[in-house]
Amino acid sequence: MLHHSTELSTVVIVGSGIAGASAAQTLRADGFRGRVVVIGDEPSPPYRRPAVSKDLLSGATTAEKNALKPDSFWANNDIELITGATAVGLDTRARRLTLSSGETLHYSALLLATGGRARRLDGVSGAQVFTLRSMRDAESLRESIRRTGSLLVIGGGLIGCEVAATARSLGADVTVLERDPSLLGRIVPPAVSSMVAALHRENGVDVCTDVALSSLDVRDGSARATADDGRSWSAGTVLVSVGTVPEVTLAAAAGLRVHDGITVDEQFRTSADGVYAAGDAANIPATGGDRYRSEHWNAAQAQGIAAARSILGTPQPFTDVPWGWSIQYGHNVQFAGATRFDDDYVVRGSIADRDFTAIAVRGDVPVGAVAVGRPKELRTVRTLIAQGHGAPPPVSTY
Ligand SMILES: Cc1cc2nc3c(=O)[nH]c(=O)nc-3n(C[C@H](O)[C@H](O)[C@H](O)COP(=O)(O)OP(=O)(O)OC[C@H]3O[C@@H](n4cnc5c(N)ncnc54)[C@H](O)[C@@H]3O)c2cc1C
């Protein structure tokens, strides 16, 4: 749309996560010779966020090893990477972006790849209370777990479960409090939830479900959580892992259409001319008229690549079947498509043996899958979903 009327000279990308970084890379790989600027509010160059709850938190890897690219990559590819800078103002009519430093940038195309942030619990704060999204968050959380030796995880979703596993590897006493009857309950069938809970209990985690928290008191170096039914737990460190919210502050203030993420069309165009969005921040169309927002690494990467091609005027159909993974106690749990706890499942292999693919079927159509230790089979199911009916909206998981 843009490129028929405006020459493409400068592409500005807000967000230096995987969506922004892969868009920048794709612009260069596809031969774009204009200016490419990537603005990121984190202090470090792009890195692999999934390690934040795993090897970065445990200390098994370092920031250097976890970087997406060697530092020299960005300059070598003539990508201007501005770290530690927040984009605070967007004037879509003037095609001008303002940074927290006061600097302004003009763009011919703008990609908003602003990702998400951890949801907080109202009224829950304190020096020992953490959320987890960034490398910096991982450093502070690790330091507190080491210092206090005990961790209370509020929310038994993917991040909560991963952090519980990592904290056990650091030798901490770990309790997981989940509001629902089961861990990962929104996205996997009950048999897989039970398997995951058993895995955590075998590894010494106190897994508590059906917890309706009534209070969380944080004082004098200790936190005490109390449930409606009178149960209570104490720990030195608390992680609140109750979901992710899309980061849409800039987009909303600029008047872009926003609804659970920045609304885009099938070419990742927002409601403003010349402005695109991709990754965890974007709400994208799915086959069949539905919309969804993904919270997986590979999906953010695929969307960043696709958005760059749209910016270049060479859009391609986006038929990516979203998938993600989680590693807990060395087991690689993989998800694809749109799994829901209430789907019918066809299971290959054995859930009890932690070696299976559970294929979610609606009607007689495969719509998603959960697998442990069977990456090849999961790839096949993704192909089937893509060839068949496309992916329906997945349930957000991270
Ligand atoms: C702890 C954790 C573990 C995960 N593990 C897995 C996993 O095992 N497998 C998996 O598939 N997925 C995993 N995910 C999800 C995956 O990491 C995300 O889906 C992916 O990183 C999203 O990429 P993104 O580029 O869209 O956004 P982000 O990675 O969130 O990047 C957006 C960047 O933009 C910056 N930003 C936002 N607003 C502004 C602004 N106004 N100005 C400047 N910069 C701005 C943000 O600070 C951030 O650096 C995990 C996520 C987390 C938090």
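Per the numbering used here, the sequence shown runs over residues -17 to 380.
Ideal Cβ positions, reconstructed from N, Cα and C, are used throughout, including at glycine.
Exercise. Taking DSSP as the reference, what is the three-state secondary structure of residue 241?
Worked result: The residue labelled residue 241 in the question sits at position 259 within the sequence shown. Coil at residue 241, not helix or strand.
Problem set entry | Three CB pairs or more closer than 8 angstroms across the stretch 326 to 343 and the stretch 13 to 27 | no
For this session: Report yes or no: do the stretch 356 to 371 and the stretch 196 to 209 share at least 3 C-beta pairs separated by less than 8 angstroms?
Result: no
For this session: Go ahead and pull the three-state DSSP assignment for residue 38.
Result: Translated into positions along the sequence shown, residue 38 becomes position 56. DSSP places residue 38 in helix when its eight states are reduced to three.
Problem set entry | Identified DSSP bridge partners for residue 429 | With the chain running from -17 to 380 in the structure shown, residue 429 is simply not present.
For this session: Under 6 angstroms Cβ to Cβ from residue 306, same chain only, skipping five residues before and after it: list those, please.
Result: Position 324 of the sequence shown holds residue 306. Only 278, 317 meet the Cβ criterion.
Exercise. Would the beta-carbon of residue 289 fall within 8 angstroms of that of residue 63?
Worked result: In the sequence shown, residue 289 corresponds to position 307, counting from 1. In the sequence shown, residue 63 corresponds to position 81, counting from 1. For residue 289 and residue 63, no; Cβs fall outside 8 angstroms.
Exercise. Ligand 1 heavy atoms versus the CB of residue 162: any closer than 7 angstroms?
Worked result: Position 180 of the sequence shown, counted from the start, is the residue given in the question as residue 162. No, ligand 1 has no heavy atom inside 7 angstroms of this Cβ.
Exercise. Under the rule that 16 or more other beta-carbon atoms within 10 Å means buried, what is residue -13, buried or exposed?
Worked result: Reading the sequence shown from its first residue, position 5 is the one you call residue -13. With a pLDDT of 46 at residue -13, under the threshold of 50, the modelled position of that residue is not reliable, and no figure is offered here.
For this session: Take the Cβ of residue 383 as the centre, count every other Cβ of all protein chains shown within 10 Å, and call the residue buried at 16 or more, exposed below.
Result: Residue 383 is absent from the structure shown; the chain starts at -17 and stops at 380.
Exercise. What separation, rounded to the nearest whole angstrom, lies between the Cα atoms of residue 8 and residue 298?
Worked result: Position 26 of the sequence shown, counted from the start, is the residue given in the question as residue 8. Position 316 of the sequence shown, counted from the start, is the residue given in the question as residue 298. One C-alpha to the other measures close to 13 angstroms.
Problem set entry | Cβ neighbour criterion (16 or more within 10 Å) applied to residue 129 | Here residue 129 corresponds to residue number 147 of the sequence shown, with the count starting at 1. It is exposed - the Cβ of residue 129 has fewer than 16 other Cβ atoms within 10 Å.
Exercise. Going by other Cβ atoms of all chains shown within 10 Å of its Cβ, with 16 needed for buried, is residue 378 buried or exposed?
Worked result: In the sequence shown, counting from the first residue as 1, residue 378 sits at position 396. Bear in mind that a pLDDT of 49 at residue 378, under 50, signals an unreliable position, so the number given afterwards is only what the model happens to contain. With 16 or more Cβ atoms within 10 Å of its Cβ, residue 378 is classed as buried.
For this session: Assess, as a yes-or-no matter, whether the stretch 221 to 228 is touched by the stretch 103 to 114 under the definition of 3 or more beta carbon pairs within less than 8 angstroms.
Result: yes
Problem set entry | Straight-line Cα distance separating residue 287 from residue 229 | For this step, residue 229 is matched to residue 247 along the sequence shown. For this step, residue 287 is matched to residue 305 along the sequence shown. Note on geometry: alpha-carbon atoms of residue 229 and residue 287 lie some 20 angstroms from one another.
For this session: Using the Cα positions of residue 194 and residue 161, report the straight-line distance between them to the nearest angstrom.
Result: Along the sequence shown, read from residue 1 onward, the residue named residue 194 stands at position 212. Along the sequence shown, read from residue 1 onward, the residue named residue 161 stands at position 179. If you take the alpha carbons of residue 194 and residue 161, they lie about 6 angstroms apart.
Problem set entry | Contact set for residue 148: own chain, Cβ-Cβ below 8 angstroms, skip 5 residues either direction | The sequence position of residue 148 within the sequence shown is 166, counting from 1. The residues are 35, 36, 39, 40.
For this session: Return helix, strand or coil for residue 62, following the three-state DSSP convention.
Result: Taking the sequence shown and counting its residues from 1, the one referred to as residue 62 is at position 80. Three-state result, residue 62: strand.
For this session: For residue 280, verify whether its CB is less than 7 angstroms away from any heavy atom of ligand 1.
Result: Counted from its first residue, the sequence shown places residue 280 at position 298. At least one heavy atom of ligand 1 is nearer than 7 angstroms to the Cβ of residue 280, so yes.
Exercise. For residue 263, does the three-state DSSP call read helix, strand or coil?
Worked result: Along the sequence shown, one-based indexing puts residue 263 at 281. Looking at residue 263 - three-state DSSP - the assignment turns out to be helix.
Exercise. For residue 285, which residues of its own chain have a beta-carbon under 8 angstroms away from its beta-carbon, when the five flanking residues on both sides are left out?
Worked result: As a working mapping, residue 285 is identified with position 303 in the sequence shown. So the list reads 1, 250, 260, 261, 264, 266, 276, 300, 302, once near-sequence residues are dropped.
Exercise. Of the residues 57, 257, 349, 231, which one's Cα is nearest the Cα of residue 10?
Worked result: Within the sequence shown, the letter at position 28 stands for residue 10. Nearest of 57, 257, 349, 231 to residue 10, Cα basis: 57.
Problem set entry | For residue 314, the first and last residue of its enclosing beta strand (DSSP E) | Taking the first residue of the sequence shown as 1, we reach residue 314 at position 332. Run containing residue 314: 313 to 319, per the beta strand (DSSP E) assignment.
For this session: Identify, in the order they occur along the chain, each residue of the same chain with its Cβ nearer than 8 angstroms to the Cβ of residue 325, setting aside the five sequence neighbours on each side.
Result: Start at 1 with the first residue of the sequence shown, and residue 325 comes out as number 343. The answer, listed in chain order, is 171, 342, 343, 344, 349, 350.
Exercise. Does DSSP classify residue 169 as helix, strand or coil?
Worked result: Here residue 169 refers to the residue found at position 187 of the sequence shown. It is coil, neither helix nor strand.
Exercise. How many angstroms separate the CA atom of residue -8 from the CA atom of residue 86?
Worked result: Translated into the one-based positions of the sequence shown, residue -8 becomes position 10. Translated into the one-based positions of the sequence shown, residue 86 becomes position 104. Looking at the two C-alpha atoms, the distance is approximately 13 angstroms.
Problem set entry | Nonlocal neighbours in the same chain, by C-beta distance under 6 angstroms from residue 68, ignoring five residues either side | On the sequence shown, position 86 is the one that residue 68 refers to. Answer for residue 68: 23, 82, listed in chain order.
Exercise. Hey, would you say the C-beta of residue 86 is under 7 angstroms away from at least one heavy atom of ligand 1?
Worked result: Residue mapping note: residue 86 aligns to position 104 of the sequence shown, counting from 1. For ligand 1, not one heavy atom lies less than 7 angstroms from the Cβ of residue 86.
Exercise. Is there at least one non-hydrogen atom of ligand 3 closer than 7 angstroms to the beta-carbon of residue 23?
Worked result: In the structure on display, ligand 3 does not appear, and the ligands it does have are ligand 1.
Exercise. How many angstroms separate the CA atom of residue 360 from the CA atom of residue 280?
Worked result: Walking along the sequence shown from the start, residue 360 turns up at place 378. Walking along the sequence shown from the start, residue 280 turns up at place 298. One C-alpha to the other measures close to 14 angstroms.
Exercise. Taking all protein chains shown into account, do 16 or more other C-beta atoms lie within 10 angstroms of the C-beta of residue 292, making it buried, or fewer, making it exposed?
Worked result: As a position in the sequence shown, residue 292 is number 310, starting the count at 1. Looking at its Cβ environment, which holds 16 or more other Cβ atoms inside 10 Å, residue 292 is buried.
For this session: Determine the direct distance from the alpha carbon of residue 52 to that of residue 6, and round the result to whole angstroms.
Result: To locate residue 6, count along the sequence shown from 1; it is residue 24. To locate residue 52, count along the sequence shown from 1; it is residue 70. Roughly 15 angstroms separates the two Cα atoms.
Exercise. Straight-line CA distance for residue 239 to residue 336?
Worked result: Here residue 239 refers to the residue found at position 257 when the sequence shown is read from its first residue. Here residue 336 refers to the residue found at position 354 when the sequence shown is read from its first residue. Near 43 angstroms, if we compare the C-alpha coordinates of residue 336 and residue 239.
For this session: May I have the straight-line CA-CA distance separating residue 141 from residue 270, to the nearest angstrom?
Result: If you number the sequence shown from 1, residue 141 lands on position 159. If you number the sequence shown from 1, residue 270 lands on position 288. Cα to Cα, residue 141 sits roughly 30 angstroms from residue 270.
Problem set entry | Rounded distance between the beta-carbons of residue -2 and residue 28, thought under 8 angstroms | As a position in the sequence shown, residue 28 is number 46, starting the count at 1. As a position in the sequence shown, residue -2 is number 16, starting the count at 1. With 8 angstroms as the limit, residue 28 and residue -2 qualify as a contact, their Cβ atoms being about 5 angstroms apart.
For this session: To the nearest angstrom, report how far apart residue -15 and residue 273 are at their CA atoms.
Result: Here residue -15 is taken as the residue at index 3 of the sequence shown, counted from 1. Here residue 273 is taken as the residue at index 291 of the sequence shown, counted from 1. Note that residue -15 scores a pLDDT of 44, beneath 50, so its modelled location is shaky; the value from the coordinates is reported in the next line. So the two alpha carbons sit approximately 26 angstroms from each other.
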